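First comes the structure, then the notes that go with it.
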Amino acid sequence: MTTLTAHPGSLADPRTHAAGDAHAIWRWMRENAPVHWHEPGHLPGFWSLTRYDDVRAAYRDPQTFSSRSGVLLRPAELGRDPGGGLTLALTDPPRHKQLRAIVADWFTARSVRGLEDAMRTAVKAVLARALEQGECDVVHDIAGRLSIYVIGHLVGVPEEDHETLFRWTNEAFAAHISLAAHQDLMRYFIALMDRRMAEPGDDLVSALIGGTIDDRLLTEEEILLNCENLVGATENGRLALAGGILALLRYPEQWARLTAEPDLLPSAVEEILRWTSSATHSMRTATAPVEVRGHRIEPGDRVVLWVPSANRDETVFSAPDRFDVARKPNRHLAFGGGEHFCLGAVLARAEMRILFGEFLATVAKFELTGPVEPVASINVGGPETLPIRLTGK
Ligand code: HEM
1 MTTLTAHPGS LADPRTHAAG DAHAIWRWMR ENAPVHWHEP GHLPGFWSLT RYDDVRAAYR
61 DPQTFSSRSG VLLRPAELGR DPGGGLTLAL TDPPRHKQLR AIVADWFTAR SVRGLEDAMR
121 TAVKAVLARA LEQGECDVVH DIAGRLSIYV IGHLVGVPEE DHETLFRWTN EAFAAHISLA
181 AHQDLMRYFI ALMDRRMAEP GDDLVSALIG GTIDDRLLTE EEILLNCENL VGATENGRLA
241 LAGGILALLR YPEQWARLTA EPDLLPSAVE EILRWTSSAT HSMRTATAPV EVRGHRIEPG
301 DRVVLWVPSA NRDETVFSAP DRFDVARKPN RHLAFGGGEH FCLGAVLARA EMRILFGEFL
361 ATVAKFELTG PVEPVASINV GGPETLPIRL TGK
């Protein structure tokens, strides 16, 4: 086992990530300790994988690296993740495939194309509001509102309740509690489920209600947990949208290039995804003994895949610490990989393309008006607040 003497900062500590110190640690680990054991502390012991190839291989081997016991590190005193074996993200094959098939239709390229007009209208509305006010917080007023409106629409939350859903999810994200722990929100989902049981609609809740696995309907608990999981997963989207605006603020020459060459928008979106890597880690639990770079991982061991580290691996990306909207190739792992590859990837990419496209079309100038507060978490990364002043064209 390797001791991390060169870099005392701990990856298990949210403050390391908030302070922006994690990349230096990961860089050191990729070079010196790509498979590293962290002794138990406030979190149980775990292995870290930091190289692109190792992270990608683990994502692609759900037989050895299981998601059933949870996909995020959590303190031992919290016990097992209640969604284990029940939600999409926390299920292994073959059950996972059946569960994914129930909701997959809403996330295909075709379905997302059908949503694009509504998304563009929502983006135009949030941007117009921000331009009118002259100042706004990108995370709250633009990225957060857009992400929740879109998923609210898909889940089947009526439009008049979107603002309430937005408020409750904000409260849960800010408190770093799961959406399931937010009582008003869960009560709302229970009532929504009851309504859709009586009168199904063309939405995700109705699909979950009618969905079967091995010819058995999902239980109410499974329906609720999966709803919560789908809404909660959008936190990544909001952080990537806001993180993208932040990157363009920090690298004005990249914004200038994008303004001059708007055809670069799709590659800029990929670079923002790589750069922000808003899902900081995915955890797996080994199901069998496995050797990775000479280290023996035992069944039951937790293995943490650090996504931002894989996305800065210098053996895969040239000048990985450079933000480059024209980067090609760019085979980042921001959406994970294998069976659990992000279900919302097409949706998230479309939201980003539309938001940044409208930004290019309508915003002449934007600048920071206050400090950028980072999210303090080992699960997700990005700005918690991003206050800006913006001027229209
Ligand atoms: C830029 C934004 C996003 C990023 C970076 C991101 C990242 C990820 C990653 C890394 C995973 C794999 C987790 C694992 O294997 O343990 C994942 C899975 C997932 N994501 Fe996203 N995500 C984003 C946006 C979204 C959105 C908008 C949704 C909409 C509902 C979504 C829904 C999901 C779901 C349901 C899964 C689980 C899929 C499965 O287990 O089969 N994501 N995401």
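Per our numbering, the very first residue in the sequence shown carries number 1; after that it's consecutive.
In this text, a Cβ means the ideal position worked out from N, Cα and C, and glycines have one as well.
These figures come from a predicted structure and were not determined experimentally.
Discussion item. For a test of the three-state rule: what should DSSP assign to residue 397, helix, strand or coil?
Written reply: Residue 397 lies beyond the range of the chain shown here (1 to 393); nothing can be said about it.
Discussion item. Would residue 369 and residue 389 be called neighbours here (beta carbons separated by less than 8 Å)?
Written reply: yes
Item to complete: Flag residue 149 as yes when its Cβ comes closer than 7 Å to any non-hydrogen atom of the ligand HEM, and as no otherwise.
Response: no
Worksheet item: Where DSSP assigns a beta bridge to residue 137, which residues make up the other side?
Response: 387
Worksheet item: Where in the region 23 to 70 do unbroken runs of the beta strand (DSSP E), each at least 3 residues long, occur, reported from the N-terminal end onward?
Response: 35 to 38, 46 to 49
Discussion item. Between the alpha carbons of residue 113 and residue 75, how many angstroms are there, rounded?
Written reply: The straight-line gap from Cα to Cα measures roughly 40 Å.
Discussion item. On the CB-based measure, 16 or more other CB atoms within 10 Å of its CB, does residue 130 come out buried or exposed?
Written reply: buried
Worksheet entry | Among 11, 177, 56, 208, the one whose alpha carbon lies nearest that of residue 190 | 208
Worksheet entry | Nearest neighbour of residue 357, chosen from 291, 65, 127, 111 [CA to CA] | 127
Discussion item. For a test of your reading of the model: does the CB of residue 236 fall under 7 Å from any non-hydrogen atom of the ligand HEM? Yes or no.
Written reply: yes
Discussion item. Taking a contact to mean a Cβ-Cβ separation below 8 Å, would you say residue 332 touches residue 248 in this structure?
Written reply: no
Worksheet item: Is any heavy atom of the ligand HEM found at a distance shorter than 7 Å from the C-beta of residue 71?
Response: yes
Fill in: Check: residue 240 C-beta below 7 Å from any heavy atom of the ligand HEM
yes
Worksheet item: Do residue 243 and residue 276 have their C-beta atoms closer together than 8 Å?
Response: Remark: C-beta atoms of residue 243 and residue 276 approach each other more closely than 8 Å.
Worksheet item: In angstroms, rounded to a whole number, what distance separates the CA positions of residue 64 and residue 294?
Response: 17 Å
Worksheet item: Are the Cβ atoms of residue 301 and residue 312 separated by less than 8 Å?
Response: no
Practice prompt. Determine, using beta carbons only, whether residue 157 and residue 185 come nearer to each other than 8 Å.
Written response: no
Worksheet item: By the 10 Å Cβ neighbour count, where 16 or more other Cβ atoms means buried, how is residue 8 classified, buried or exposed?
Response: Residue confidence is low: residue 8 scores 38 on pLDDT, short of 50, so the model does not pin down where it sits. No coordinate-derived value is stated.
Worksheet item: In three-state terms, what does DSSP make of residue 6?
Response: Because the pLDDT of residue 6 is 42, which lies under 50, any placement of that residue in the model is unreliable, and the question is left without a value.
Discussion item. Let me check understanding here. Comparing Cα to Cα, which of 292, 195, 328, 69 lies closest to residue 92?
Written reply: Of the candidates 292, 195, 328, 69, the one whose C-alpha sits nearest the C-alpha of residue 92 is 69.
Worksheet entry | Under 8 Å between C-beta atoms of residue 152 and residue 239 | no
Discussion item. Which residue wins for smallest C-alpha separation from residue 87, given the options 148, 77, 71, 206?
Written reply: 71
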